[in-house]
Amino acid sequence: MSRQLIRILGKKRGSRHSVSSKFGVIGNVAFSLTLLLLGLISGVVFLLDLPSGVTSWLLGIVILSFIGFGIQGLVTGLLGSRVGDGLRFSLTQNARRFDLTQKSKAARRLPNVPLIDTLLMSPGSTQSWRLPVTTGKPIEIISVIVFFATWTIVSLFLVGYSINQYRTTNHSGWSWWLPTLSLLPSIGFAVWSGRMLARELKNQINIDPLKVEVSHQPIYPGQTIDVAISQGGALYVRSLRLFLVCEEVTSYHQGTDVRTETLEILREQVFVQRRFEITSKSPLAETFTVTIPQDAMHSFHSNFNCLQWRFVSVGRYRDYAEIRRGFLLVVHPPFEDADDLNRSSGDAHEV
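Just so you know, numbering that gives the first Met the number 0 puts 211 at position 212 of the sequence shown, and the rest follows in order with no gaps.
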């Protein structure tokens with residue numbers, strides 16, 4: 000009976016498994032966190048009572064291995080999940096800047112217009128192209144992980160140091176009760192950051208990402224495109240809104256001081272739906288049309304100024320925090336011949 004149950008849970012259907020991939024992400028993160036915490040606790044104990052000889056080197060190598068494998072598994076697990084979608088896209092965008100052959104070839108035709116090679120790497124299931132997520136929370140989550148790990152190490156070190164000093168020194172001195180008083184704020188920071196990390200991971204792992212697909216790529220001013228959105232999982236959605244946003248980002252440099260200012264030029268609500276439920280049998284699947292304004296400015300990117308178009312989704316779910324995601328669009332300069340606009344399909348060879 001147990002073997003049949005295991006086969007049902009892990010049954011492979013083509014390239015997919017019947018069991019959800021989120022269990023693998025949770026297991027990988029839990030195992031990596033266990034290794035990391037075990038290495039940190041062992042490291043604190045090791046520093047408080049250093050052995051002599053070859054034993055210290057062997058224990059140090061083992062402890063560093065636990066910490067290294069824990070961090071490596073945690074980062075790999077997060078990058079392999081939905082948390083790393085935005086980070087991988089950002090790394091791809093940055094790496095593309097050094098591709099001088101493609102950049103120079105496209106610059107001869109459309110200087111300072113962003114390339115759409117990355118956007119054309121993901122075909123859609125309903126429409127022609129699936130838009131990449133450009134604004135998730137990868138940097139924020141990694142920062143919370145570093146903050147949580149730092150204060151956990153500080154708290155463990157203070158606990159071990161206070162106990163060691165209490166056993167070996169005079170109780171009336173400063174060496175044991177001053178670190179003990181510092182335990183309260185350090186443990187408070189560790190607990191607070193741990194709760195924040197758990198909440199963010201819960202939102203990213205349990206909520207399936209919203210997928211946005213468009214019928215044309217690139218897009219031109221005055222063009223009407225078909226947009227399809229979809230989302231699976233088991234969620235009760237309080238409200239889901241999608242906006243067409245155009246914003247200008249300017250960087251001001253004065254010596255080593257850099258200030259960035261963002262001005263929202265256009266914000267148009269193109270989709271809204273309230274109080275509905277998403278299940279495995281009835282996922283969200285909607286298709287609608289969006290028209291880019293005729294007098295719209297095309298996308299461009301220079302050293303200190305850029306204008307970018309994107310879809311921004313704002314989702315409010317029961318038992319979860321509000322989630323905002325951005326989906327990059329590239330608007331090209333208009334055609335000289337208006338008839339070419341209707342014949343454009345946004346294929347890669349036409350870019």
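In this text, a Cβ means the ideal position worked out from N, Cα and C, and glycines have one as well.
Owing to the predicted nature of the structure, the values given are computational and were not obtained by experimental measurement.
Item checked: Top-ranked residue by Cα proximity to R315, from L327, I206, T255, I66 -> As a position in the sequence shown, residue 315 is number 316, starting the count at 1. Ranking the options by Cα distance to R315, first place goes to I206.
Next item on the list: Check whether the region 267-284 touches the region 301-308, counting contact only when three or more Cβ pairs, one atom from each stretch, lie closer than 8 Å.
Entry: no
Notebook entry, point to check: For the region 185-199 against the region 141-150, are there 3 or more C-beta pairs whose distance is under 8 Å?
Noted result: yes
Item checked: contact_flag[the region 211-225, the region 155-162] where n(CB pairs < 8 Å) is 3 or more -> no
Next item on the list: Consult DSSP for Y251 and reduce its assignment to one of helix, strand or coil.
Entry: The count along the sequence shown starts at 1 and reaches residue 251 at position 252. Of the three classes helix, strand and coil, the one that applies to Y251 here is strand, per DSSP.
Note to self: For K210, list the residues DSSP reports as bridge partners.
What the structure shows: Here residue 210 refers to the residue found at position 211 when the sequence shown is read from its first residue. According to DSSP, K210 bridges with S229.
Check: When DSSP builds the beta bridges, which residues end up paired with R315?
Finding: Within the sequence shown, numbered from 1, the residue matching residue 315 stands at position 316. Paired residue(s): S238.
Checklist line | Cβ-based neighbour list, A320, same chain, cut-off 8 Å, excluding 5 preceding and 5 following | finding: Numbered from 1 along the sequence shown, position 321 holds the residue referred to as residue 320. So the list reads R198, N202, once near-sequence residues are dropped.
Notebook entry, point to check: Where do the N-terminal and C-terminal ends of the beta strand (DSSP E) with E276 fall, by residue?
Noted result: Numbered from its first residue, the sequence shown carries residue 276 at position 277. From DSSP, the beta strand (DSSP E) with E276 extends over 256-277.
Note to self: So the candidates are Q253, F275, C245; which of them puts its Cα closest to the Cα of E263?
What the structure shows: Residue 263 sits at position 264 when you count from the first residue of the sequence shown. Cα-wise, what sits closest to E263 is C245.
Next item on the list: Using three-state DSSP, classify I224 as helix, strand or coil.
Entry: Counted from its first residue, the sequence shown places residue 224 at position 225. I224 falls in the strand class under three-state DSSP.
Margin query: Please report the distance separating the alpha-carbon of T249 from that of T278.
Written below: Sequence index remark: in the sequence shown, residue 249 carries index 250 (1-based). Sequence index remark: in the sequence shown, residue 278 carries index 279 (1-based). C-alpha separation (whole angstroms): 42 Å.
Check: L114 lies in the beta strand (DSSP E); which residues open and close that run?
Finding: As a first step, residue 114 must be located in the sequence shown, where it is residue number 115. That residue, L114, is in no beta strand (DSSP E); it is neither H nor E in DSSP.
Check: Is the CB-CB distance between P292 and G193 below 9 Å?
Finding: Translated into positions along the sequence shown, residue 292 becomes position 293. Translated into positions along the sequence shown, residue 193 becomes position 194. No, the Cβ-Cβ distance between P292 and G193 is not below 9 Å.
Check: To which residues of the same chain is F30 closer than 6 Å at the C-beta, ignoring the five residues directly before and after it?
Finding: If you number the sequence shown from 1, residue 30 lands on position 31. Within the same chain, F30 has no close Cβ partners at all.
Notebook entry, point to check: Using a Cβ-Cβ cut-off of 8 Å (strictly less than) and excluding sequence neighbours within five positions of D256, which residues of its own chain qualify?
Noted result: As a working mapping, residue 256 is identified with position 257 in the sequence shown. Excluding residues within five positions, none has a Cβ falling inside 8 Å.
Next item on the list: Give me whichever residues DSSP pairs with P122 in a beta bridge.
Entry: As a first step, residue 122 is located in the sequence shown; it is residue number 123 there, counting from the start. W128, per the DSSP bridge assignment.
Checklist line | N-terminal and C-terminal residue of the beta strand (DSSP E) that I218 is part of | finding: Numbered from its first residue, the sequence shown carries residue 218 at position 219. Segment: none, I218 is in no beta strand (DSSP E) and carries neither H nor E.
Notebook entry, point to check: Taking the continuous beta strand (DSSP E) assigned at F326, which residues delimit it?
Noted result: On the sequence shown, residue 326 is found 327 positions in, with the first residue counted as 1. Per DSSP, F326 belongs to the beta strand (DSSP E) from 322-328.
Next item on the list: For Y235, count neighbouring C-beta atoms within 10 Å of its own C-beta (all shown protein chains included) and say buried if the count is 16 or more, exposed if not.
Entry: Taking the sequence shown and counting its residues from 1, the one referred to as residue 235 is at position 236. It counts as exposed.
Notebook entry, point to check: So, helix, strand or coil for F75, using DSSP?
Noted result: Position 76 of the sequence shown, counting from 1, holds the residue named residue 75. Note that residue 75 is Thr in the sequence shown, not Phe. The answer is helix: DSSP assigns T75 an H, G or I state.
Next item on the list: Answer with buried or exposed for I228, where buried requires no fewer than 16 other C-beta atoms within 10 angstroms of its C-beta.
Entry: Against the sequence shown, residue 228 aligns to sequence position 229. Result: buried.
Next item on the list: In the DSSP assignment, find the beta strand (DSSP E) that holds F287 and state where it starts and stops.
Entry: Residue mapping note: residue 287 aligns to position 288 of the sequence shown, counting from 1. It spans 283-290 - the beta strand (DSSP E) in which F287 sits, taken as one unbroken run.
Checklist line | Residue of V329, L114, P208, M195 minimising C-alpha distance to V145 | finding: Counted from its first residue, the sequence shown places residue 145 at position 146. It is M195.
Next item on the list: Would you check if the distance between the CB atom of L37 and the CB atom of G69 is smaller than 9 Å?
Entry: By one-based count along the sequence shown, residue 37 stands at place 38. By one-based count along the sequence shown, residue 69 stands at place 70. Yes, the pair counts as a contact, with Cβ atoms nearer than the cut-off.
Check: Are the beta-carbon atoms of Q126 and V289 separated by less than 9 Å?
Finding: Walking along the sequence shown from the start, residue 126 turns up at place 127. Walking along the sequence shown from the start, residue 289 turns up at place 290. No, they are not a contact pair.
Note to self: Taking 9 Å as the threshold (C-beta atoms), are F242 and V311 in contact?
What the structure shows: Counting from 1 along the sequence shown, the entry for residue 311 is found at position 312. Counting from 1 along the sequence shown, the entry for residue 242 is found at position 243. Against a cut-off of 9 Å, the Cβ pair of F242 and V311 comes out as a contact.
Note to self: Using only CA atoms, which one of P217, L239, S41, S64 lies nearest to R323?
What the structure shows: Along the sequence shown, one-based indexing puts residue 323 at 324. Selected option, being the one with the closest Cα: L239.
Margin query: Taking 8 Å as the limit between beta carbons, can you name the residues of its chain near G76, skipping five residues before and five after?
Written below: Stepping through the sequence shown from its first residue, residue 76 is reached at position 77. Only V24, N27, V28, S31 meet the Cβ criterion.
Item checked: CA-to-CA distance, P332 to L34, given in whole angstroms -> Position 35 of the sequence shown, counted from the start, is the residue given in the question as residue 34. Position 333 of the sequence shown, counted from the start, is the residue given in the question as residue 332. Looking at the two C-alpha atoms, the distance is approximately 53 Å.
Checklist line | Residue environment, S64, which counts as buried when at least 16 other CB atoms sit within 10 Å | finding: For this step, residue 64 is matched to residue 65 along the sequence shown. Exposed, since its Cβ has fewer than 16 Cβ neighbours within 10 Å.
Next item on the list: Taking all protein chains shown into account, decide if Y219 is buried (16 or more other Cβ within 10 angstroms of its Cβ) or exposed.
Entry: Here residue 219 corresponds to residue number 220 of the sequence shown, with the count starting at 1. With 16 or more Cβ atoms within 10 Å of its Cβ, Y219 is classed as buried.
Item checked: Rounded straight-line distance, which links the Cα of T223 to that of F116 -> Within the sequence shown, numbered from 1, the residue matching residue 116 stands at position 117. Within the sequence shown, numbered from 1, the residue matching residue 223 stands at position 224. The sequence shown places Asp at residue 116, rather than the Phe named in the question. So the alpha carbons of these two residues sit roughly 22 Å apart.
Check: From E276 to E285, what does the alpha carbon distance come to, in whole angstroms?
Finding: Counting from one through the sequence shown, the residue named residue 276 turns up at place 277. Counting from one through the sequence shown, the residue named residue 285 turns up at place 286. So the alpha carbons of these two residues sit roughly 14 Å apart.
Note to self: Quick check on DSSP: helix, strand or coil for N302?
What the structure shows: If you number the sequence shown from 1, residue 302 lands on position 303. Reduced to three states, the DSSP call for N302 is coil.
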